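Participant: My structure is below; once you've seen it, I'll send some questions.
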Amino acid sequence: MNTKLKPQSAPLDPQEEAIRSLYLESLHLVERLHRRLLDVIKDEFDRKGRSDVNAIQALLLFNIGNAELTAGELRSRGYYLGSNVSYNVKKLVDLGFINHQRSRVDRRSVRISLTDAGQEIAETVAKLYERHIGSIQKVGGIGTDEFTQMNKLLQRLDRFWNDQILYRL
């Protein structure tokens, strides 16, 4: 991310400049962390010799879990960097990881759920996360207080961005 770019406006005071620098660094970290999560998931499947799904598809399957939902609901549950959710859902149906059927109430809507094979992929991701949970405090030095603070801050940033969209601020 280019933190050198500045809009053509009045010079920022030192406080605004500090916020600008930290905000841009945070944006960069959020992007990088999501890409790194995908790398971690890909590495797990590589270790298991599984090349039938990619990291985005495994994350989609994990986020479906035991639920039955629409592609739109799935899209709102997570961010799938650089991917087309509809394309990946179709691919996962073709590969036999997802069941799909038209809603009885609204025939335009398609409900999706995991097959046994899809459940196996979702469980692999869940086990990966459980391993992380077992060691993140000891190895990563991140405990409940840090996660609580980080989650509160990320929720506030999420609300701020939502307000930017909703109220066109």
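Residue 1 is where the sequence shown starts when you use the UniProt record's numbering, and the numbers rise one by one after that. Where a beta carbon is used, it is the ideal one built from N, C-alpha and C, also for glycine. Being a predicted model, the structure only gives us computed values, none of them experimental.
State the beta-bridge partners of R34 as determined by DSSP.
Facilitator: Note that residue 34 is His in the sequence shown here, rather than Arg. Partner(s): none; H34 has no beta bridge.
Participant: Does I121 come out as helix, strand or coil in the three-state DSSP assignment?
Facilitator: The answer is helix: DSSP assigns I121 an H, G or I state.
Participant: Which partner residues does L74 have in the DSSP bridge list?
Facilitator: None, per the DSSP bridge assignment.
Participant: Just verifying my parser: in three-state terms, what is the DSSP assignment at L95?
Facilitator: Three-state DSSP puts L95 in coil, outside helix and strand.
Participant: Just to check my reading of the structure: Q57 and N88 have Cβ atoms closer than 8 Å, yes? What is that Cβ distance to the nearest angstrom?
Facilitator: So it is a contact: roughly 5 Å between Cβ atoms.
Participant: Once the 5 residues before and after F62 are set aside, which same chain residues still bring their CB inside 6 Å of it?
Facilitator: So the list reads A122 and V125, once near-sequence residues are dropped.
Participant: Would the region 147-158 and the region 70-79 be scored as touching if the rule is three or more Cβ pairs under 8 Å?
Facilitator: Too few Cβ pairs lie closer than 8 Å, so no.
Participant: Our contact map puts L60 next to L92 with C-beta atoms below 8 Å; I'd like the distance itself, whole angstroms only.
Facilitator: With a Cβ gap of about 7 Å, L60 and L92 count as contacting.
Participant: Pick from V105, E16, L38 and A117: whose alpha carbon is nearest that of residue 171?
Facilitator: This structure cannot speak to residue 171, because the chain is shown only from 1 to 169.
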